[in-house]
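All remarks here apply to the structure that follows.
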Amino acid sequence: MFISSYSIYKIWFSGITCELLNGVTISLKEIQEEFLKLVYKETILVGHSLENDLLALKISHGLVIDTAVLYKHPHGASYKTALRVLSRKFLSQEIQQSSNGHDSIEDAKATMELVN
């Protein structure tokens, strides 16, 4: 079965390519350890659809503010409104316009503005 790097790394979201990861040797355990040096149980995580990131890291956290949950989708809880749509509707800002993947700083700024 052929699986392209496009689907493995979700380039359209992350901008990460096979080439960027060539030579990277850090393990999931090491990433988790680094994450936990920065994030304590008292730390409040703010983001959009954070469960995806936390699942990928195999980490759970009790203090999460998630704009995908805060801003209910009109079709119910099994749907999530895209951050791009929330930003346009509530902040009058266009984000995620690049064909190179999302800009994590732009996404973080929009998320924080939506929480304020």
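Under the working numbering, the first residue of the sequence shown carries the number 20, and numbering increases by one thereafter.
For each residue, glycine too, the CB sits at the ideal point set by N, CA and C.
Helix, strand or coil for residue i, going by three-state DSSP, please let me know.
i             : result
leucine 76    : helix
glutamine 51  : helix
lysine 60     : coil
aspartate 122 : coil
glutamate 113 : coil
valine 106    : A small fix is needed here, since residue 106 is serine in this sequence, not valine. Three-state result, serine 106: helix.
valine 134    : helix
lysine 91     : coil
alanine 127   : helix
asparagine 41 : coil
Does the distance from the C-beta atom of residue i to that of residue j stay below 7 Å?
i             : j            : result
threonine 100 : histidine 92 : yes
isoleucine 50 : valine 65    : no
tyrosine 90   : leucine 105  : yes
glutamate 125 : leucine 110  : no
Starting from residue i, follow its DSSP beta bridges and name the residues at the other end.
i         : result
valine 65 : Ile84
Identify, in the order they occur along the chain, each residue of the same chain with its Cβ nearer than 6 Å to the Cβ of residue i, setting aside the five sequence neighbours on each side.
i             : result
glutamine 115 : Arg103, His121
Leaving out the 5 sequence neighbours to the left and right, which residues in its chain are closer than 7 Å to residue i when beta-carbon positions are compared?
i             : result
glycine 81    : Lys60
isoleucine 78 : Gln51, Phe54
alanine 129   : Leu102, Ser106, Leu110, Gln112, Ile114
Would you say residue i touches the ligand GTP, meaning its beta carbon is less than 6 Å from a heavy atom?
i          : result
serine 123 : This structure simply doesn't include the ligand GTP, nor any ligand for that matter.
Residues in its own chain within less than 8 Å of residue i by CB, not counting five upstream and five downstream?
i         : result
valine 58 : Leu64, His80
lysine 48 : none
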